[in-house]
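Novice:
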Amino acid sequence: MLRARPSLTAFAAIALGVVVLTAACSGSTTTAQANSSAAQSAPSAGSSSSSGGSPQLQFARCMRSNGVTDFPDPESNGSFQLPGGTGDLNPNSPVNQKAQEACQHFLGSDEHGTPAQEAQDAAKLLSYAKCMRSHGITNFPDPFRHPDGGYGFLYTDQLDQSGPAFLAANQACRSLLPGDHHEDRGGS
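Per the working numbering, the sequence shown starts with residue 140, numbered consecutively.
(1) In angstroms with no decimal places, state the Cα-to-Cα distance between A304 and G275.
(2) Evaluate D254 with the Cβ neighbour count: other Cβ atoms within 10 Å of its Cβ, from every protein chain shown; 16 or more gives buried, anything less gives exposed.
(3) With respect to the alpha helix (DSSP H) encompassing F198, which residues constitute its N-terminal and C-terminal limits?
(4) For the region 274-321, list the alpha helix (DSSP H) runs that are entirely contained and at least 4 residues long, ordered along the chain.
(5) Starting from the Cα of C201, find the closest Cα among L246, P230, S232, T277 and give me that residue.
(6) So, helix, strand or coil for S232, using DSSP?
(7) Pick from A308, P213, L196, D227: whose alpha carbon is nearest that of S266?
(8) Just the Cα atoms here: how many angstroms apart are L316 and A268?
This is the structure we're talking about:
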């Protein structure tokens, strides 16, 4: 799905990573996703690929060509703003899941850690979410398990990821993220 570092490696984004969605959402959403042993962060959308732009742009085009016709192009930071989580944009929809499988290769490898490592990563992401809430971002979501095995966060349009409160909370909490990619999350 949408991970912040290559491989939906989410949000993500993604993300997270990271860029990285649930069926119950409505309104604009952004996902950041974590995969394997690291929280993922979106690589720069400006990073080029030899065939047609950034990996995120290629992923977006692939998603559209595989049935998720409303899938947006990436933002300048490599993340995706997804209007709602309904229809084919719902990550649980069969069309979305099939398109993700077909397009994942544009975002890099999708290697997952052991079940124990994934459980440890999920616990770290939950700690990060709790920390964000304790630092004033009261609507920060808990992580969710993505169908492809990674974990991520679903950010709604009500969560101002570029606002000073979010950036300050992220600065205070990012050390709780799994792996060595927490430096890449917002505010750095």
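Using N, Cα and C, we set each Cβ at its ideal position, and we do this for glycine too.
Computed from a predicted structure; not experimentally measured.
Specialist: According to the structure data:
(1) 7 Å
(2) It should be noted that the sequence gives Pro, not Asp, for residue 254. Answer is exposed; the Cβ neighbour count stays below 16.
(3) Segment 194-204, the alpha helix (DSSP H) holding F198.
(4) 303-312
(5) L246
(6) coil
(7) A308
(8) 9 Å
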